[in-house]
Amino acid sequence: MPKAAPQKAARKVLAANILYARTMLGWSQEQLAEKAHLHRTQIGELERQTSGASVDSLAMLGRALGLPMHVLLTPPTEAHPLILAGIQAQLQKGEIDGLIEGKKLPSAPKRKPLL
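Sequential numbering of the sequence shown, starting at 0, is according to numbering that gives the first Met the number 0.
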């Protein structure tokens, strides 16, 4: 079986890692594009492996996902634990930010009157 061309292999790795990170965060392609300051169609093209990413796009994706950009180009078996660790930190930060902004403040339990 012939090996995939290096360009196609890199696109496949990048696509798998972007899709994995995005779905683990529960984001749509549009949400990721907005956070990365890229166009929605570019995210779709990267995930479908129909286009490659520039270094600038990789940096913007990494920043949006909270990951060093080299993780996006690491084979999925090695990258997925790193992605999960990065996402966990991002989700915890989101929960803290939500508390600070008053979005997720827990409601006080109702108490019965003493009398």
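Using N, Cα and C, we set each Cβ at its ideal position, and we do this for glycine too.
Counted as a single uninterrupted DSSP element, the alpha helix (DSSP H) harbouring residue 43 occupies residues 39–47. In its chain, beyond the 5 residues on either side, no residue has a beta carbon closer than 7 Å to the beta carbon of residue 91. In this structure residue 87 is exposed. Its beta-carbon is surrounded by fewer than 16 other beta-carbon atoms within 10 angstroms.
Rounded to the nearest whole angstrom, the CA to CA distance from residue 84 to residue 4 is 30 Å. In this structure residue 19 touches residue 75 by the C-beta definition: roughly 7 Å separates them, less than 8 Å.
Between the beta-carbon of residue 51 and that of residue 10 there is about 6 Å, and that keeps the pair under the 8 Å contact cut. Sequence-distant partners of residue 43 (beyond 5 residues in either direction) whose C-beta falls short of 6 Å from its own C-beta, in its chain, are 28. Take the alpha-carbon of residue 32 and the one of residue 26: they are about 10 Å apart. The distance from the Cβ of residue 61 to that of residue 45 is about 13 Å, inconsistent with a contact at the 8 Å cut-off.
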